[in-house]
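Working notes, beginning with the structure itself.
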Amino acid sequence: MLRIRYCVLRLRVHLPALIRLSRNWTLLYSIDQHGISLNTLYSRCEPRIPCKAEPNPPSGALLVVKDSFDGVFGAWIGEGITKGQGGFYGSGEAFLWQYRRDASPPLEVYKWSGKNDYVVLCDPDFISFGGGDGHYGLYIDSSLLEGSSAPCPTFDNPVLCARPLSQMGAGKGKKDVPFECVGLEVWGIGPG
Numbered sequence: 001m002l003r004i005r006y007c008v009l010r011l012r013v014h015l016p017a018l019i020r021l022s023r024n025w026t027l028l029y030s031i032d033q034h035g036i037s038l039n040t041l042y043s044r045c046e047p048r049i050p051c052k053a054e055p056n057p058p059s060g061a062l063l064v065v066k067d068s069f070d071g072v073f074g075a076w077i078g079e080g081i082t083k084g085q086g087g088f089y090g091s092g093e094a095f096l097w098q099y100r101r102d103a104s105p106p107l108e109v110y111k112w113s114g115k116n117d118y119v120v121l122c123d124p125d126f127i128s129f130g131g132g133d134g135h136y137g138l139y140i141d142s143s144l145l146e147g148s149s150a151p152c153p154t155f156d157n158p159v160l161c162a163r164p165l166s167q168m169g170a171g172k173g174k175k176d177v178p179f180e181c182v183g184l185e186v187w188g189i190g191p192g
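Residues 1 to 192 (full-length UniProt numbering) are what the sequence shown spells out, left to right.
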């Protein structure tokens, strides 16, 4: 996706120390290559068992979303993306991020606040990152074509998606701002 190399270079410094050293970046899922299916995303991101062909499979997952207004944002989950956890999971190493070409600095990272443990929820009907107060920091529905973003206590983040000028006031409070997803990738990272 556009700007992924730029984002990756700048996001690397925010990853956990051992993962930061890894040169093992694997594209686990892409709408362009694997189709538009949440089930496919989940199955391609399932944790892998080390074997001869892949002695050091990826352990964490970097989600990259591009919206229809050219916003680029996402999440880092050290435990990877795994369907069927039965609720929220994840650790304090997780973060949300957004890239804004016209901002200074262009890349902002929103680390775990410690206010709650609503890090990631992999449901059959959606995937979400962060939560609290009835809102998700980042929510993507099962079609992988639509989502929303709102400020949430888990990461103390603002709205992540880009918005047209007519919606610039939206998301200042606790309102979900919808977006259309035009690109989505999940990168598996580390160790090795």
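Virtual Cβ for every residue (Gly too), placed ideally from N, Cα, C.
Predicted model, so just to flag it, every value in this text is computed and none were measured.
Contact defined as beta carbons within less than 8 Å: I believe residue i pairs with residue j. What is the distance between those atoms, to the nearest angstrom?
i	j	result
G132	Y118	6 Å
W187	T26	7 Å
F129	W112	In fact, because the Cβ distance is near 11 Å, the residues do not count as touching under 8 Å.
I36	L121	The Cβ separation is near 20 Å, so there is no contact.
G114	G92	7 Å
N78	G60	According to the sequence provided, residue 78 is Gly. The question's Asn does not apply to it. About 5 Å; that satisfies the 8 Å criterion.
Apart from the five residues on each side of it in sequence, which residues of its chain come closer than 6 Å, Cβ to Cβ, to residue i?
i	result
H34	T40
L63	G74, A75 and V186
C7	Y99
Tell me which residues share the same chain as residue i and place their Cβ nearer than 8 Å to its Cβ, disregarding the 5 neighbours each side in the sequence.
i	result
G171	Caution is warranted here: a pLDDT of 48 is assigned to G171, below 50, making its placement in the model unreliable, and the coordinate value is therefore given only provisionally. If we look at G171 and ignore the five residues flanking it on each side, its Cβ neighbours are S149, A150, P151, P158, V159, R163 and V177.
F126	L38, Y139, I140, D141 and S142
Y29	T40, L41, R44, C45, L184, E185 and V186
R20	R12 and V13
By Cβ distance, which residues of its chain are closer than 7 Å to residue i, with the 5 residues on each side in sequence left out?
i	result
D70	A162
D67	C161, A162, F179, E180, C181 and V182
T154	W112, S113, K115, N116, Y118, V119, G130, G131, G132 and G137
R10	L107
Is it true that the CB of residue j sits closer than 7 Å to the CB of residue i?
i	j	result
G86	P47	no
Jot down the residue ranges of each uninterrupted beta strand (DSSP E) in the segment 91-157, minimum 3 residues, whole runs only, in chain order.
95-99, 107-111, 120-123, 126-129, 138-141 and 146-149
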